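Report on the following structure.
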Amino acid sequence: MPELPKIFGKIPSVSELLASASDYMPFIPKPAPKYVSESGKPVHGITAEFSKTPVVVRAAEKVRDAGYTRWDVMTPFPIHGMETSMGIKRTILPALAAGAALTGVAGALAMQLYMNNDFEMVVQGKPFLSWEPLTPITFEIGILLTAFTCVFGMMALNGLPRFHHPLFNSERFLSVSDNRFFVCIEASDPKFDPVRTRELLESAGADRIELVEDEN
Amino acid sequence: MSQAPSQAATQDPTTIPIPERPTPRAVLTEAQWQARLDKLAAHPAMRHDNVHLPEGATNKLSGLLLIIGAAALVVTILGAFTFNARHALAAFEVGLFTCIAMSVGAQFLVMIFHSLNAGWTTTSRRQFENVASLLPVCWVMALGVVLIEILGGGVLLTWLDKGLTGDHLLELKSPYLNAGFFVVRFLIYGLVWLGLSQLMFRLSRKQDETGQRGLTRVMRFNSGWGLLVMTLTTAFFAFDFLMALDFRFFSTMWGVYFFASSTLASVSVVVLILAVLRGTGRLTGAVTEEHFHDLGKLILTFTVFWSYIAFSQYFLIWYANIPEETAWYVYRTGEGGYKALFIILAFGHFVAPFCILLFRKVKRTTGLLAFMAAYMIAITVADMIWIVRPMVYAGAHAAENPGLDATWWLDAAGIIGALSIWGFFLVRAVGASPLVPLKDPTLHEALAHKNYV
């Protein structure tokens, strides 16, 4: 039996979904922070700063092999092969798009067949329920649903749009759009440990390690 | 704008650090270029036996194809004399137009790759060039068809018949549809196709030997005007030889329809060639699953493109319901099993390959993709059958139709004959030159090509 492609990642739990929804809806209480900084603010995570591409790729491989799941690499430009270095699984989006396309095609056909069923009208002497006029509408609705699913599904899977990100609290982080590379391991990661995570990033050759605080 | 105080002007100019700009990268010197060529030649994928076929390796296959082709053509010619000349010519034309579609499409794609500077295609481009370099062969075979049509006074192209008078549409179209202008146009197609295909092929081969990097720019320049004249000659070729089978019919989309088939078939045949070469242990590391993935995407794209064009053309004609246009579809969805062929094309040329080629696994597995490529060539032949074959027993000739059971051998012989003769030249061309452009400046891009998705 060939191995099926692993396009479905881990399904998020209810508490995880609530935690991400609380970013947008103030009436949803935020979960209690796992770690609190000395100033009493919740800890977002630990960032490591790098100045060379090969070093950050090696660092990403190191973090991946250490088994972290909630972390990211931020770079000023796309680095080819970073997704393998980070161990990112393929996105579920193609499957969602295929589902949307089939829904659109089936829905459009059902709508037109239902509407034409009891309401036969002679248009230009063409036969009733001929397949030709059904095709453009089926095609367009299929495309419409697929395109919407692709765009909005991509945004939802990326957690976009959002008003703010805790990483912007760090002054140093702003140089990510200039000439610096950052690896951030979030405090919500089950493997996160204030001491060992910092040691891991240090051993990966980071120029500078920083603790990033979240808003309250 | 002038009123806004510039911040830089108010500051002390000595405090503003002026970043040191890197000096613009100079053009490589000849020594640096030679060093890059040496580095490329040392690449493991560029071993001599990996990018060359051994001397005479293709003789067996090309000889076999020549024998099959010659035998099939003899059967076709016998069928023409003993049975029905119109039918034999139509069968040969089905095969011939598929070959022309593949060669024309390959020439298009070579020029598109050059004009877009498509680095990933470099290792597979030589096979496109090989397919395109058969345009002279195609033209000579088409010359045979033209001679038969002219000397026979309109065998399938009934408008060449001098005795055909009194048709108002033909009288209106006669400034275009007449034997003299037809021959002139055919000579222009030959000039453009022979000239362009040989020009691009020889430039590429010359670069193999001399390593002149400037030739890439020459090829790119020639691709610009070449694409324009190829587009026009291909469209008018399709008008003259396929659309004019029924001189009453006209469709402004016809050139695009033929173009869609030709690009689809040419990518398919190149995938087949590359898969066979990979199967014999060549091109390891030069053409990988990454390249097959992208070529598979092209097949998927042109499958959708063909369907879009084919349906749009049909849909407008169906709605407008103008007799001279509709008649064309009436022949092709009516008697003689053409309705079944129409449905087979709708599902076999669009629905099935679209659903299969959507899967990444299919495009990245060489065997599966090669199977799909062979299938797409077969379905292109079916498309040509659907276009050409109904005209044999159309209109006044309907009474001559002996039915498919009695004539299938003639169809098969004509199609196999044309395809095999073309295949003979193709196999010889593949064996005659290195399997990749050896000293192309973009070769390193193709060798490192990866799909980052």
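Residue numbers (the working numbering), protein chains in the order written: chain A, 1 to 216; chain B, 1 to 453.
The beta carbon of each residue, even a glycine, is placed where N, CA and C say it ideally should be.
The structure displayed is predicted, hence computed values, not measured ones.
- Taking the Cβ atoms as the reference, L435/B lies roughly 17 Å from R202/B, outside the contact range of under 8 Å.
- Taking each of E93/B, V75/B and Y189/B in turn and checking the Cα distance to V104/B, the smallest one comes out for Y189/B.
- At a beta-carbon threshold of 7 Å, the residues of chain B lying near E132/A are F315 and W318, ordered along the chain.
- Here V122/A carries a coil assignment [DSSP, helix/strand/coil].
- As DSSP reads the structure, L211/A sits in a beta bridge with I46/A.
- If you look at D246/B, you'll find it isn't in any alpha helix (DSSP H); DSSP assigns it neither H nor E.
- The beta-bridge partner set that DSSP reports for W71/A consists of I185/A.
- Excluding its 5 nearest sequence neighbours in each direction, T29/B has no C-beta neighbour in its own chain below 7 Å.
- DSSP places V427/B in the helix class (H, G or I) of the three-state scheme.
- Of all alpha-carbon atoms in M200/B, L295/B, F237/B and A238/B, the one lying nearest the alpha-carbon of A132/B is that of M200/B.
- Per DSSP, A206/A is not a residue of any alpha helix (DSSP H), being assigned neither H nor E.
- Under the three-pair Cβ rule at 8 Å, the segment 105-122 of chain B does not count as touching the segment 45-57 of chain B.
- Looking from the CA of Q112/A, the closest CA among E140/A, F27/A and I79/A belongs to E140/A.
- Contact with chain A is absent for F350/B, since none of that chain's Cβ atoms lies less than 8 Å from the residue's Cβ.
- Residue state for V36/A is assigned as strand, using DSSP reduced to three classes.
- With its beta carbon at least 8 Å from every one in chain A, F347/B lies outside the interface.
- Only residues of its own chain outside the window of five on either side were considered, and among them T380, V381 and M384 have a CB closer than 6 Å to the CB of T98/B, listed in chain order.
- By the Cβ-count criterion, Y314/B is buried, with 16 or more other Cβ atoms from all chains shown falling within 10 Å of its own Cβ.
- Taking C-beta separations shorter than 6 Å and ignoring five residues to either side along the sequence, the partners of F186/B in its chain run V146, following chain order.
- Excluding sequence positions up to five before and after L61/B, its CB lies within less than 8 Å of the CB of V427, all in the same chain and listed in chain order.
- The beta-carbon of Q124/A is placed less than 8 Å from the nearest beta-carbon of chain B.
- At a cut-off of 8 Å, the C-beta of T135/A has a neighbouring C-beta in chain B.
- Bounds of the alpha helix (DSSP H) holding G107/A are L93 to N117.
- Among the residues of the segment 297-312 of chain B, those with a Cβ less than 8 Å away from any Cβ of chain A are F311, in the order of the chain.
- The beta carbons of A413/B and G152/B sit about 19 Å from each other, so the pair does not count as a contact at 8 Å.
- Straight through space, the alpha carbons of T149/A and P402/B are spaced by roughly 54 Å.
- Taking each of T58/B, A340/B, A275/B and F250/B in turn and checking the Cα distance to T366/B, the smallest one comes out for A275/B.
- The beta carbon of S262/B is closer than 6 Å to those of A101, V104 and G105 in its chain, skipping five residues each way along the sequence.
- Among the CB atoms of chain A, one or more fall inside 8 Å of the CB of Y452/B.
- A contact between stretches requires three or more CB pairs, one per stretch, nearer than 8 Å, and the segment 161-168 of chain B fails this requirement with the segment 63-75 of chain B.
- Cβ contact annotation for L358/B (same chain, cutoff 8 Å, sequence separation greater than five): L300, in chain order.
- The contact set of E83/A on chain B, defined by CB atoms closer than 8 Å, consists of Y452 in chain order.
- Cβ atoms of E171/B and F249/B stay farther apart than 8 Å, at about 16 Å.
- For the 8 Å CB-CB criterion, V270/B and S124/B form a contact.
- Annotated as proximal: G296/B and K363/B, with beta-carbon spacing under 8 Å.
- Excluding residues up to 5 positions away in sequence, V43, H44, G45, I46, T47, P166, L167, N169, S170, F173 and C184 lie with their Cβ nearer than 8 Å to the Cβ of V212/A in the same chain.
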